[in-house]
Amino acid sequence: MDPFKVYEETNRYRLPDLIPIREERMAKNPFSYFRGGAAIMANDLATTPITGLKVQACGDAHIGNFGGFATPERRFIFDLNDFDETLPGPWEWDIKRLATSVVLAARLGSQDKSITEAAVKSCVNGYRTHLQELSHIGFLEVFLERFEMEQVLSELSPEVRISTEKVIDKQAKRDHSHALRRLTTVVNGRWRILDDPPLVEHTRETRSISLITALYHSYRSSLAPNIARLLDHYRLVDIARRVVGVGSVGTRCWVAVLAGSEGEPLFLQVKEAMESALEPYIGPSQFKPGERVVTGQRLLQSASDLFLGWGEAGGRSFYIRQLWDRKVSPDLEAFDGKALAEYARICGKVLARAHARTGDAAFISGYLGNSETFDTSISSFAHDYSNQVENDFQQFLKSTGRK
Numbered sequence: 260m261d262p263f264k265v266y267e268e269t270n271r272y273r274l275p276d277l278i279p280i281r282e283e284r285m286a287k288n289p290f291s292y293f294r295g296g297a298a299i300m301a302n303d304l305a306t307t308p309i310t311g312l313k314v315q316a317c318g319d320a321h322i323g324n325f326g327g328f329a330t331p332e333r334r335f336i337f338d339l340n341d342f343d344e345t346l347p348g349p350w351e352w353d354i355k356r357l358a359t360s361v362v363l364a365a366r367l368g369s370q371d372k373s374i375t376e377a378a379v380k381s382c383v384n385g386y387r388t389h390l391q392e393l394s395h396i397g398f399l400e401v402f403l404e405r406f407e408m409e410q411v412l413s414e415l416s417p418e419v420r421i422s423t424e425k426v427i428d429k430q431a432k433r434d435h436s437h438a439l440r441r442l443t444t445v446v447n448g449r450w451r452i453l454d455d456p457p458l459v460e461h462t463r464e465t466r467s468i469s470l471i472t473a474l475y476h477s478y479r480s481s482l483a484p485n486i487a488r489l490l491d492h493y494r495l496v497d498i499a500r501r502v503v504g505v506g507s508v509g510t511r512c513w514v515a516v517l518a519g520s521e522g523e524p525l526f527l528q529v530k531e532a533m534e535s536a537l538e539p540y541i542g543p544s545q546f547k548p549g550e551r552v553v554t555g556q557r558l559l560q561s562a563s564d565l566f567l568g569w570g571e572a573g574g575r576s577f578y579i580r581q582l583w584d585r586k587v588s589p590d591l592e593a594f595d596g597k598a599l600a601e602y603a604r605i606c607g608k609v610l611a612r613a614h615a616r617t618g619d620a621a622f623i624s625g626y627l628g629n630s631e632t633f634d635t636s637i638s639s640f641a642h643d644y645s646n647q648v649e650n651d652f653q654q655f656l657k658s659t660g661r662k
């Protein structure tokens, strides 16, 4: 199918007034277009050969969807962090999307071909070798494996570690208190989220008491009893639409501020969940969209958000989590070739661990083998597909009147 037609199909159930923002963000560069085009790549991957071995696929495992965050135990870890498209599916699709994103990120940073090749092979090698390591240990050990941020930093070269630590020190300060200062003001003694239309604003839906109340009760019922009891100590103060990301622009995404009994803030992100980009080619999920996302996240991540849950309201499905909890994202454009290669390798290892939690690591590892044949094959695919993405990007600019 024509990639632009696939893109238009993904807009069918999105908010019309936000589609121009989605187009604008995708039109920034080929990597941004790729980020917003999970459905386009899924359509292309559907015709490629697979082994038939399934895992819980992330569905959108590009290099920008990895990052650091705090666990409920207040440990700081590195893991996958986006599961909007998750679904049981071919493991090959995730590693191909990750490898392609490495090539596009390298090209975004104007890296030469040899550096780009080294980065993508480092990524795939990290995936293959770590999957092999995981195939030789017990499943409980696999399930408990975490990538502590200290461990991740120790695997980086000294110069890359120093620059990475600076980014972490800056971004890790983003917590509920930071969100309160940045996103709210006080009106009549109550916190109110600052409007900045069209990106942040109070809408008819967020003002609907019946809709928000129904969603709150549905969400609460999805939580474990101890977390539901914790949530009961907070009261909703305000909620507004907040446009975030690239691929999710156009879906309903809200930010809610709650107040605890001692006046402490709690910010929750409410995101509409839709059909996975993989479902047209793999088959429908057994879960409603919000539950699908949450279930997949819990399967793939080594630790998940304390308030992660799902809910239904107004005929739509949502998932909910904390807005910021020491969340750290990479600045890919600031990476030089060495930093990208080291970072990509860690992402490959994290993806291997995620797949080993839900698939047969021994069978997949046996298929991959001990040589670098697989690394070279996926690298070749990633370069070829990146060329296609760049061509599709130019067509996207023409079709949207941006060129």
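If you count by the numbering used here, then the sequence shown holds residues 260 to 662, one letter each, in order.
All C-beta atoms, glycine included, are put in the ideal place defined by N, C-alpha and C.
Bear in mind that the values here come from a model prediction, so they are computed numbers and not experimental data.
| Query | Result |
| --- | --- |
| Terminal residues of the alpha helix (DSSP H) in which P484 lies | 484-490 |
| H476 burial status per 10 Å Cβ neighbour count (16 or more: buried) | exposed |
| Reduced DSSP secondary structure (H/G/I, E/B, other) of F594 | coil |
| As assigned by DSSP and simplified to three states, the class of D338 | strand |
| Three-state secondary structure assigned by DSSP to A286 | coil |
| Ordered list of alpha helix (DSSP H) runs contained in the region 530-554, each at least 4 residues | 538-541 |
| 8 Å Cβ cutoff met for L312 and G618 | yes |
| Inter-residue spacing [alpha-carbon to alpha-carbon] between Y602 and L415 | 8 Å |
| Collapsed DSSP secondary structure at E523 in the structure displayed | coil |
| Backbone secondary structure at R500 - three-state DSSP | strand |
| Residues near A431 by beta carbon distance below 7 Å, same chain, minus five either side | R585, V587 |
| According to DSSP, residues forming a beta bridge with G348 | V314 |
| Touch test, the region 539-555 against the region 483-498, Cβ-Cβ under 8 Å, three pairs minimum | no |
| Ranges of the alpha helix (DSSP H) found wholly within the region 402-446, counting only runs of at least 4 | 408-413, 417-430, 435-442 |
| Beta carbon of V508 nearer than 8 Å to that of R356 | no |
| First and last residue of the uninterrupted beta strand (DSSP E) at I471 | It is not in any beta strand (DSSP E) - I471 instead sits in the alpha helix (DSSP H) that spans 468-481. |
| Three-state secondary structure (DSSP) of A515 | strand |
| C-alpha gap between V395 and F652, whole angstroms | Note that residue 395 is His in the sequence shown here, rather than Val. For H395 and F652, the distance between alpha carbons rounds to 42 Å. |
| contact_flag[the region 622-630, the region 308-323] where n(CB pairs < 8 Å) is 3 or more | yes |
| Residues that DSSP places opposite T510 in a beta bridge | V508 |
| Residue nearest to Q581 in terms of C-alpha spacing, selected from N288, S369, A329, I336 | A329 |
| Distance, D353 Cα to I299 Cα | 14 Å |
| Spatially closest choice to N485 from K662, F566, R333, by CA coordinates | F566 |
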